[in-house]
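Going by this note's numbering, the sequence shown opens with residue 72, and the numbers climb by one from there. Backbone N, C-alpha and C fix where the C-beta goes; we use that ideal spot for every residue, glycine too. All figures in this text were calculated on a predicted structure; none of them were measured in a lab.
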Amino acid sequence: LPTGLEYNKSVAGERYRAVGKAMGVTGIDEMNDAEAADATIAAVKQLSADVGIPANLHGILKEEDIQFLAESAFADACCPGNPRDTSVEEIKELYKGLL
């Protein structure tokens, strides 16, 4: 989730503020959109760590699977609902960042 949040933060700042507010991020109302997005992403990363979600897919994701996974993600019915337009190549880079 944090990888997707980082990817979309340039176009979803106000939405991130609402998430951060719901998560109880301190001082979020006084932050600009970029600060609120960063604080929300940090809170999501901390929550992920607290509940044992790995920060990366090292040892799970194989380089040879990335093309298939990226194409599948791009073809998924949810892809058009993403706040930021994407491509198979960009999705591949996101996966590579999780290795």
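- request: Report the residue from 97, 101 and 106 whose alpha carbon sits nearest the alpha carbon of residue 80.
  value: Locating residue 80 in the sequence shown gives position 9, counting from the first residue. Per the Cα distances, 106.
- request: Label residue 83 either buried or exposed according to how many other C-beta atoms from any shown protein chain fall within 10 Å of its C-beta, with 16 as the threshold for buried.
  value: In the sequence shown, the residue the question calls residue 83 occupies position 12. Around the beta carbon of residue 83, 16 or more other beta carbons lie within 10 angstroms, which makes this residue buried.
field: Whole-Å CB distance - residue 77 paired with residue 99, under 8 Å assumed
entry: Taking the first residue of the sequence shown as 1, we reach residue 77 at position 6. Taking the first residue of the sequence shown as 1, we reach residue 99 at position 28. In fact, because the Cβ distance is near 18 Å, the residues do not count as touching under 8 Å.
Distance, residue 167 Cα to residue 156 Cα: On the sequence shown, position 85 is the one that residue 156 refers to. On the sequence shown, position 96 is the one that residue 167 refers to. Cα to Cα, the separation comes out at about 19 Å.
query: So what does DSSP say about residue 79, is it helix, strand or coil?
result: Here residue 79 is taken as the residue at index 8 of the sequence shown, counted from 1. Helix at residue 79.
query: What is the DSSP secondary structure of residue 126, counted as helix, strand or coil?
result: Reading the sequence shown from its first residue, position 55 is the one you call residue 126. In this structure, residue 126 counts as coil in the three-state DSSP scheme.
task: Have a look at residue 164 and residue 136 and give me their C-alpha separation to the nearest angstrom.
output: Here residue 164 refers to the residue found at position 93 when the sequence shown is read from its first residue. Here residue 136 refers to the residue found at position 65 when the sequence shown is read from its first residue. The straight-line gap from Cα to Cα measures roughly 13 Å.
Delimiting residues of the alpha helix (DSSP H) encompassing residue 90: Sequence index remark: in the sequence shown, residue 90 carries index 19 (1-based). First-last of the alpha helix (DSSP H) with residue 90: 84-94.
query: If you compare alpha carbons, which of 169, 90, 149 and 72 is closest to residue 130?
result: Taking the sequence shown and counting its residues from 1, the one referred to as residue 130 is at position 59. Minimum Cα-Cα distance from residue 130 among the listed residues 169, 90, 149 and 72 corresponds to 169.
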